[in-house]
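Down below is the structure, laid out as structure tokens.
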Amino acid sequence: MTIAEIAKDFTELLQQGDHQGAAEKYNADDIASYEAMEGPMAVSHGKAALKQKGQWWQENHEVHGGSVEGPYVNGDQFAVRFKFDITPKATGERVTMDEVGLYTVKNGKITEERFYY
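Take 1 as the starting number for the sequence shown in UniProt numbering and just add one per residue.
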């Protein structure tokens with residue numbers, strides 16, 4: 001598959017709400033994830049760590065709705081824009097999350113993801 005085809009399929013899975021399926025299909029075993037924040041989940045390495053991070057996020061946020069836009073491809077990278085209406089359970093304050101994920105693809109797998117918000 002080309003990077004454009006991978007990006008399109010990955011993004012379509014996200015748009016369908018299948019974040020776990022997209023990760024299982026396309027994340028490299030040694031993927032690195034970088035969040036634009038400090039703390040224990042700012043940097044994660046490996047599929048298992050990213051799965052745990054995703055589970056933590058789902059358990060700690062109520063999602064009311066949202067959208068996934070893209071992909072926007074350039075070379076071996078593509079970007080996806082996320083907008084979600086969420087309530088973090090820790091605060092109970094409903095907010096709109098707006099972020100961009102930048103994904104790097106090597107050998108048909110996503111080897112790095114970086115989030116900007």
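Note that CB positions come from ideal geometry on N, CA and C, so glycine has one too.
Put residue i into one of helix, strand or coil per three-state DSSP.
{"i": "Asp76", "result": "coil"}
{"i": "Asp18", "result": "coil"}
{"i": "Tyr117", "result": "coil"}
Measure the CB-CB distance between residue i and residue j and report whether it falls below 8 Å.
{"i": "Gly70", "j": "Thr11", "result": "yes"}
{"i": "Lys83", "j": "Asn60", "result": "no"}
{"i": "Ala79", "j": "Leu50", "result": "no"}
Would you say residue i reaches chain D, if we count a Cβ-Cβ gap shorter than 8 Å as a contact?
{"i": "Ser67", "result": "Looking at the structure shown, chain D is missing, and only one protein chain is on hand."}
I need the straight-line Cα distance from residue i to residue j, nearest angstrom please.
{"i": "Ser44", "j": "Ala32", "result": "6 Å"}
{"i": "Val68", "j": "Lys106", "result": "23 Å"}
{"i": "Thr77", "j": "Gly92", "result": "At residue 77 the sequence reads Gln, which differs from the Thr that was named. Roughly 35 Å between the two C-alpha positions."}
{"i": "Ala22", "j": "Thr87", "result": "24 Å"}
{"i": "Ile6", "j": "Arg81", "result": "16 Å"}
{"i": "Gln20", "j": "Gly46", "result": "14 Å"}
Below 8 Å on the Cβ atoms is my contact criterion, and I expect residue i with residue j to pass it. Report the Cβ-Cβ distance as a whole number of Å.
{"i": "Tyr117", "j": "Ala42", "result": "With a Cβ gap of about 13 Å, Tyr117 and Ala42 do not count as contacting."}
### Task
Identify every run of the beta strand (DSSP E) within the stretch 63-110, keeping only runs that are complete inside it and at least 3 residues long; order them along the chain.
77-88, 95-106
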